[in-house]
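Report on the following structure.
Number of protein chains: 2
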Amino acid sequence: MSKLGTLYGIGVGPGGEELLTLKAIRTIEKCDVIIAPSAMNGGVSIAYETCKNFIKENQEVVISHFPMGKPDKEKKVFDAFKTIEKYLKDGKDVAFLTIGDAFVYSTYIYLLKYIKEQDYKTETIPGITSFCASATVADKILVIGDEPLLIVPGCRIDCIKDEKYVVIMKFYNQEENVLNYLDEKGFDYVCVQRAYREGEKILNTREEILNNKDYMSLIIAHRDSEF
Amino acid sequence: MSKLGTLYGIGVGPGGEELLTLKAIRTIEKCDVIIAPSAMNGGVSIAYETCKNFIKENQEVVISHFPMGKPDKEKKVFDAFKTIEKYLKDGKDVAFLTIGDAFVYSTYIYLLKYIKEQDYKTETIPGITSFCASATVADKILVIGDEPLLIVPGCRIDCIKDEKYVVIMKFYNQEENVLNYLDEKGFDYVCVQRAYREGEKILNTREEILNNKDYMSLIIAHRDSEF
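Chains as they are written, first to last, in our numbering: chain A, 28 to 254; chain B, 28 to 254.
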């Protein structure tokens with residue numbers, strides 16, 4: 028039997044070529060096939076756009092549609108797995124691009140599960156998380172001293188207990204509920220959209236956040252902090 | 028009055044040149060002065076070692092001693108601020124290197140406070156966090172779905188409430204207490220030391236962790252997770 032390919036899961040950061048690591052670039056350059064997700068069918072892939080200057084003409088590129096949180100997501104992930112498996116069986120190394128970090132709320136994690144069940148060789152490469160990138164854009168720290176840092180999706184905002192440093196992610200269409208909770212609990216906050224990408228915005232007030240809803244948003248919130 | 032310099036706070040990742048971003052490298056290359064912390068007086072600076080291949084001979088390098096959690100830390104940070112201020116007043120751009128991400132538990136945050144009080148221009152560049160790097164080394168995810176992720180120092184382990192996905196940092200000499208807590212609460216865990224650096228280790232059992240204590244360690248813990 029011929030040699031099987033390896034799947035490389037690559038965190039490409041928040042978007043913006045400058046936040047790619049050398050390891051991400053070198054891995055992309057050595058793969059035969061590049062697979063990049065797009066949130067919309069036929070839409071642009073942020074992950075592909077981030078890396079396209081390092082992809083050569085002889086590399087095969089597949090843009091794979093992964094609907095975010097839609098009911099057919101599981102089927103789409105399985106379809107992507109079957110596509111990738113075909114290349115791996117052919118002995119081709121595959122780079123799967125994922126925005127942010129590969130092991131933080133990524134579709135890649137679901138995909139990796141199928142790949143590992145079949146015992147293919149895999150390697151995952153970390154990326155700059157959206158919250159680290161957004162913190163530098165807003166010039167607001169994430170956490171200091173002996174304090175915990177809680178990263179929490181909007182629908183689980185009530186998981187905040189006595190933490191002083193919190194990041195809220197994935198709260199599209201739940202903005203009002205999230206902001207009510209933060210206001211009530213005495214948090215200061217800033218909302219960052221599309222850090223390091225076209226359309227980057229820093230929203231400092233409740234009103235600004237409610238008037239500029241965008242799926243690609245996160246909130247950094249502090250209370251009782253000297254920073 | 029002549030032009031003042033800018034302070035660039037640069038997250039250089041966990042150590043290991045490959046996890047530097049293009050933006051970190053380009054910023055280091057354009058600065059006049061590079062300041063890198065070392066945990067031990069006269070000891071090596073992990074941050075400097077990570078970047079040294081991108082530092083040219085005509086750049087001034089200062090290794091600054093920052094004792095971790097020792098009583099004279101505040102004075103050392105103030106000394107470093109005075110050193111940096113001198114360069115900024117001379118119109119020199121300064122790169123301050125910090126391992127991991129610049130806004131996650133970094134001494135840079137304390138330093139930045141002094142610099143901002145004096146209204147100097149600053150820019151912070153995000154880095155790969157130790158937990159993202161360690162997760163890929165251990166091949167263990169950080170968080171998925173609608174679950175929160177709690178990052179917590181060892182001395183605050185009791186902040187864990189009902190989270191399924193937890194990272195424990197800074198637990199040197201508290202290993203037993205931390206592991207007792209995790210065992211009692213039904214967590215699986217892996218400990219990663221010195222991810223992407225010389226001496227990298229993955230410790231999978233309680234016994235291994237207790238027999239290989241190292242300051243540069245973190246634990247990724249899951250419970251009730253399918254990943």
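Note that the Cβ used here is the ideal one computed from N, Cα and C, for glycine as well.
For residue i, is the classification buried or exposed, using 16 other Cβ atoms within 10 angstroms of its Cβ as the cut-off for buried?
i: lysine 109 of chain A; result: exposed
i: aspartate 128 of chain A; result: buried
i: lysine 145 of chain B; result: For the record, residue 145 of chain B in the displayed sequence is glutamine; it is not lysine. Per the 10 Å Cβ criterion, exposed.
i: leucine 209 of chain A; result: buried
i: tyrosine 242 of chain B; result: exposed
i: tyrosine 135 of chain A; result: buried
i: phenylalanine 130 of chain A; result: buried
i: leucine 177 of chain B; result: buried
i: phenylalanine 105 of chain B; result: exposed
i: leucine 237 of chain A; result: exposed
i: serine 265 of chain A; result: With chain A covering only 28 through 254, there is no way to say anything about residue 265 of chain A.
i: glutamate 174 of chain B; result: buried
i: lysine 102 of chain B; result: exposed
i: lysine 148 of chain B; result: exposed
i: valine 71 of chain B; result: exposed
i: glycine 181 of chain A; result: buried
i: lysine 50 of chain A; result: buried
i: serine 244 of chain A; result: buried
i: glutamate 29 of chain A; result: This sequence places serine at residue 29 of chain A; glutamate is not what is there. Exposed.
i: glycine 118 of chain B; result: exposed
i: glutamate 84 of chain A; result: exposed
i: glutamine 203 of chain B; result: With the sequence shown as reference, residue 203 of chain B is identified as glutamate, and glutamine is not the correct amino acid for it. It counts as exposed.
i: glutamate 190 of chain A; result: buried
Quick one: list the residues of chain B neighbouring residue i, beta-carbon separation under 9 angstroms, in chain order.
i: glutamate 227 of chain A; result: Within 9 angstroms Cβ-Cβ: nothing; glutamate 227 of chain A doesn't reach chain B, min ~14 angstroms.
i: lysine 140 of chain A; result: Glu253, Phe254
i: cysteine 78 of chain A; result: In chain order: nothing, as chain B lies at least about 12 angstroms away.
Between which two residues does the beta strand (DSSP E) harbouring residue i extend?
i: serine 91 of chain B; result: 87-92
i: threonine 2 of chain B; result: No information on residue 2 of chain B is available, as it lies outside the stretch 28 to 254 that chain B covers here.
i: glutamate 150 of chain B; result: 148-152
i: leucine 206 of chain A; result: Segment 202-211 is the alpha helix (DSSP H) holding leucine 206 of chain A; no beta strand (DSSP E) there.
i: valine 193 of chain B; result: 192-196
What are the partner residues of residue i, as DSSP defines its beta bridges?
i: cysteine 218 of chain B; result: B/Leu230, B/Ile246
i: isoleucine 61 of chain A; result: A/Val88, A/Ala122
i: glycine 69 of chain A; result: Note: glycine 69 of chain A sits in no beta bridge, so no partner.
i: valine 104 of chain A; result: Partner(s): none; valine 104 of chain A has no beta bridge.
i: glycine 181 of chain A; result: Answer by DSSP bridge pairing: none, since glycine 181 of chain A is not bridged.
i: valine 131 of chain A; result: B/Val170
i: leucine 176 of chain A; result: A/Tyr192, B/Ile178
i: threonine 48 of chain A; result: B/Thr48
Taking the alpha carbon of residue i as the reference point, which residue from the options has its own alpha carbon closest?
i: isoleucine 171 of chain B; options: A/Lys140, A/Pro175, A/Asp215; result: A/Lys140
i: aspartate 166 of chain A; options: A/Glu56, A/Ser65, A/His249; result: A/His249
i: asparagine 68 of chain A; options: A/Ile55, A/Cys218, A/Asn80, A/Asp99; result: A/Asp99
i: arginine 221 of chain B; options: B/Asp215, B/Val164, B/Cys78, B/Ile187; result: B/Val164
i: glycine 213 of chain A; options: A/Lys188, A/Ala107, A/Arg53, A/Ile142; result: A/Lys188
i: asparagine 207 of chain A; options: A/Lys57, A/Val121, A/Arg233, A/Phe158; result: A/Arg233
i: leucine 34 of chain A; options: A/Ser157, A/Ile195, A/Ile142, A/Lys228; result: A/Ile142
i: threonine 77 of chain A; options: A/Lys50, A/Gly40, A/Ile246; result: A/Gly40
i: cysteine 58 of chain B; options: B/Glu211, B/Phe81, B/Tyr147, B/Phe93; result: B/Phe81
i: glutamate 225 of chain B; options: B/Lys83, B/Gln201, B/Ile73, B/Ala63; result: B/Ile73
i: isoleucine 184 of chain A; options: A/Ile247, A/Leu230, A/Val205; result: A/Val205
i: asparagine 200 of chain A; options: A/Glu44, A/Asn239, A/Ile152, A/Val194; result: A/Asn239
i: alanine 66 of chain B; options: B/Ile168, B/Asp120, B/Gln86, B/Leu124; result: B/Leu124
i: proline 64 of chain A; options: A/Cys186, A/Tyr192, A/Ala122; result: A/Ala122
i: glutamine 86 of chain A; options: A/Tyr75, A/Glu235, A/Gly154; result: A/Tyr75
i: alanine 162 of chain A; options: A/Asp120, A/Leu138, A/Val217; result: A/Val217
i: tyrosine 114 of chain B; options: B/Ile247, B/Gly32, B/Tyr223; result: B/Gly32
i: threonine 151 of chain A; options: B/Pro153, B/Gly154, B/Tyr137, B/Leu169; result: B/Leu169
Run through chain B and tell me which residues come within less than 8 angstroms of residue i, C-beta to C-beta.
i: glutamate 44 of chain A; result: Leu49
i: alanine 74 of chain A; result: Ordered by position in chain B, no residue passes the 8 angstroms Cβ test against alanine 74 of chain A, which lies about 16 angstroms from the chain.
i: lysine 240 of chain A; result: In chain order: nothing, as chain B lies at least about 19 angstroms away.
i: isoleucine 246 of chain A; result: Ordered by position in chain B, no residue passes the 8 angstroms Cβ test against isoleucine 246 of chain A, which lies about 14 angstroms from the chain.
Which residues in chain A have a C-beta closer than 7 angstroms to the C-beta of residue i? List them in chain order.
i: leucine 115 of chain B; result: Ordered by position in chain A, no residue passes the 7 angstroms Cβ test against leucine 115 of chain B, which lies about 17 angstroms from the chain.
i: valine 179 of chain B; result: Pro175
i: lysine 188 of chain B; result: Lys188
i: isoleucine 136 of chain B; result: Ile168, Ile171, Phe254
List, in chain order, every chain A residue whose beta-carbon is nearer than 9 angstroms to that of residue i.
i: lysine 57 of chain B; result: Under the 9 angstroms cutoff, chain A gives no residues; its nearest Cβ is about 13 angstroms from lysine 57 of chain B.
i: proline 64 of chain B; result: Per Cβ cutoff of 9 angstroms: no residues; proline 64 of chain B is ~15 angstroms from chain A at best.
i: alanine 160 of chain B; result: Pro153
Determine the extent of the alpha helix (DSSP H) in which residue i is found, giving its start and end residues.
i: aspartate 143 of chain B; result: Contrary to the premise, residue 143 of chain B reads as lysine rather than aspartate in this sequence. Run containing lysine 143 of chain B: 134-144, per the alpha helix (DSSP H) assignment.
i: threonine 156 of chain B; result: First-last for threonine 156 of chain B: undefined, no H or E at that position.
Residue i versus chain A: which residues are under 8 angstroms apart at the beta carbon?
i: arginine 183 of chain B; result: Asp173, Glu174, Pro175
i: phenylalanine 214 of chain B; result: Correct list: empty, because the minimum Cβ distance to chain A is about 16 angstroms.
i: tyrosine 132 of chain B; result: Val170, Ile171, Gly172
i: isoleucine 152 of chain B; result: Thr163
i: aspartate 210 of chain B; result: Simply none; closest approach about 20 angstroms.
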